[in-house]
Amino acid sequence: MKRTILTFSILGLIFASCSNDDDAVVTPPPTLTIPTTYTSANFNTNAATEIGVVADLNALTSLTNAAESDAQMNTVNAIAFPSSVQSVTLSSYATLMQGWLVEIVNAANSTDGFQNPGLGGTPAVGQEGGLLGDRLLDENGLELEQMLQKGVFGAGLYNHAITVVNNIKNGVSGFTDSGAVDRLVAIFGATPAFDAASDEASQYAERRSNHTNQTGFFYDIQLNLRTAQAAMEAGSTFDTERNAALDEFLMNWEKSNYATVIFYCRATINLLNEASLLAPGETNSDGETKEEILGDAMHAYAEGVAFAHGFRGISNKIITDSEIDGILAALLAPAGQTPTSFEFLNVTDYETTLSQVEQNIQAIYGFTNDEVSDFYTNNNL
C-alpha cells in the first residue's frame with residue numbers, strides 16, 4: 000500500500016510539473032531590425048580621422064599622377080609621404096613606400112624612356128626607368144604609382160579598418176556607439192549614401208558586383224555595415240550580430256581585393272595579346288601605338304601586383320602570407336627582392352602564368368567559375 004501511494008504521489012508531481020511547463024510563457028528572443036539604408040547625422044565628425052587619411056592618400060596619388068604627366072618634360076620635385084597615411088600603414092609597407100617615392104621621382108626625371116633589358120637581362124647601370132607609352136615605369140618595369148596607392152588600400156586602409164573593428168569589439172573609449180561604424184564606411188572610401196566612388200577601395204568592390212541584381216561585394220558590405228550600426232544602436236543584446244557583421248565586412252573587402260587581382264591578371268593578358276599583333280610604332284584601330292598598349296599592359300599588371308602585395312603582413316585575413324608570396328613570385332615581384340617585371344614584355348607564356356595566378360586565387364576563396372568570369376568586367380554604377 001505504501002509503495003502504491005508513493006507511486007501515485009510521484010506521478011502526481013510529474014503531471015503537475017508538465018502542467019506548469021505547458022502554462023509557462025516563453026519569451027521569444029529579440030530580433031534585430033536592419034534598415035534598408037545607412038544613415039548618419041554626424042558622419043564628417045565621427046569619421047574625421049578616416050576622411051583625412053583617404054584625402055591625403057588621394058593627394059599623394061595626384062602628385063604621382065602629375066609626376067607621370069611631367070615625366071621627361073618638366074622637373075619633378077621630391078614627393079612627401081603624408082604622415083596620416085603613414086600612421087595607419089604597416090611599418091614594413093611604409094618603409095617600401097619611402098623608397099618608391101624616391102624612385103618614382105627619379106624615373107620621372109630620367110632623360111630617356113623605359114629601356115627594356117630584354118629576356119634574361121638586367122637594367123643598365125644608372126638606368127632609372129621612364130615612360131613606356133604613357134605609363135611611367137621604374138627600371139625594372141614596375142609602375143610604382145600603383146604600389147603607392149592600390150597597395151595602401153590593403154596595407155593602410157584595410158589595416159586601419161581592422162583596428163577600428165577590434166576597438167568596437169573591445170569597447171574602447173570612442174568606439175562604443177554606432178558612430179564608430181562611420182569610421183569603417185569612410186576608410187572603405189564610401190559615404191553614407193554609398194554612391195559611386197572614385198578610385199577608392201569601395202570602387203573596386205563596386206566593379207566586382209552586379210548592379211542590375213544588386214548583388215556582390217559592394218552590396219554585401221553595405222548590409223554588413225548597416226547591420227553593425229543597427230546592432231550597436233539596439234544595445235549589447237546584439238553584440239554577437241554586431242561582431243559577425245564586422246567580420247563579414249572585412250572578409251568581403253578582402254575578397255573584393257583579390258577578385259580585383261583576377262581582373263588585372265586578365266586585363267594584362269588581353270593587352271599583351273593585343274600588342275603582340277602590332278609592329279613597333281604601328282597603331283590599332285583606336286589609334287594607339289604598340290608601345291602605348293604595352294604601357295597599358297604594364298599598368299594593369301602593376302595594379303594586380305599592388306592589390307596582391309598590400310595584404311601581406313595583415314593580421315586579419317583569409318589568404319596567408321605564404322599564398323601571397325606565391326602570387327608575387329609568379330608575378331615576378333617577390334616581396335623584399337628586386338622585381339623583374341619587364342620579363343612580361345619578353346616572354347611568350349605570360350598567359351599561362353597569369354591564368355595560374357587567377358586559378359590560385361579562385362581556389363583560396365572558393366570563387367565559382369561564373370564569379371571569376373564576372374570579375375573580368377568592370378561593372379560601374
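In numbering that gives the first Met the number 0, the protein residues as written are 0 to 380.
Backbone N, C-alpha and C fix where the C-beta goes; we use that ideal spot for every residue, glycine too.
Because the structure is a prediction, the values reported are computed rather than measured.
Here A296 really is in contact with L271; their C-beta atoms are around 5 Å apart, less than 8 Å.
Residue pairing of R134 in beta bridges, as defined by DSSP: L131. About 15 Å separates the CB atoms of G112 and L141; that is not less than 8 Å, and the two are not in contact.
Taking a C-beta distance under 8 Å as the contact criterion, Q228 and V180 qualify as a contact pair. Residue environment analysis places D369 among the exposed positions, since fewer than 16 neighbouring C-beta atoms fall within 10 angstroms of its C-beta.
For G303, the three-state secondary structure derived from DSSP is helix. With fewer than 16 other CB atoms across the displayed protein chains lying within 10 angstroms of its CB, E281 is exposed. Per DSSP, the unbroken alpha helix (DSSP H) holding Q355 starts and ends at Y349 to Y364. As computed with DSSP, N209 is found in a beta bridge with T214. A distance below 8 Å between beta-carbons, with the five flanking residues on each side excluded, links N223 to the following residues of its chain, in chain order: A244, L245, E247, F248 and N251.
Relative to N269, the option among T337, H298 and N139 whose CA is nearest is H298. In the structure shown, T239 adopts helical secondary structure according to DSSP, grouped into three states. Contact annotation: G309 and V84 have beta-carbon atoms that are not nearer than 8 Å. Cβ-Cβ distances below 7 Å link P34 to R225 and A229 in the same chain, with the five nearest sequence neighbours on each side left out; the list follows chain order. Contact check for G303 against Y263 passes: the beta carbons are separated by less than 8 Å. For L118, same chain residues with a beta-carbon under 6 Å away, outside a window of 5 residues either side, are N345 in chain order.
Annotation note: the region 44-131 contains the following uninterrupted beta strand (DSSP E) runs of length 3 or greater, listed N- to C-terminal: 129-131. For T226, the three-state secondary structure derived from DSSP is helix. With 16 or more other CB atoms across the displayed protein chains lying within 10 angstroms of its CB, D219 is buried. When the Cα atoms are used, S39 and S275 turn out to be separated by approximately 51 Å. Annotation: the continuous alpha helix (DSSP H) that includes V371 extends over N368 to F374. For T162, the enclosing alpha helix (DSSP H) begins and ends at N158 to K168. Between I186 and A204, the C-beta gap is not smaller than 8 Å, which leaves the two residues out of contact. Under DSSP, the beta-bridge partners assigned to T282 are T288.
Rounded to whole angstroms, the gap between the alpha carbons of F42 and D285 is 44 Å. The beta carbon of L156 sits closer than 6 Å to those of I186 and A200, all from its chain and outside the five residues before and after it, given in chain order. Pairing V163 with L143 gives a Cβ-Cβ distance that is not under 8 Å.
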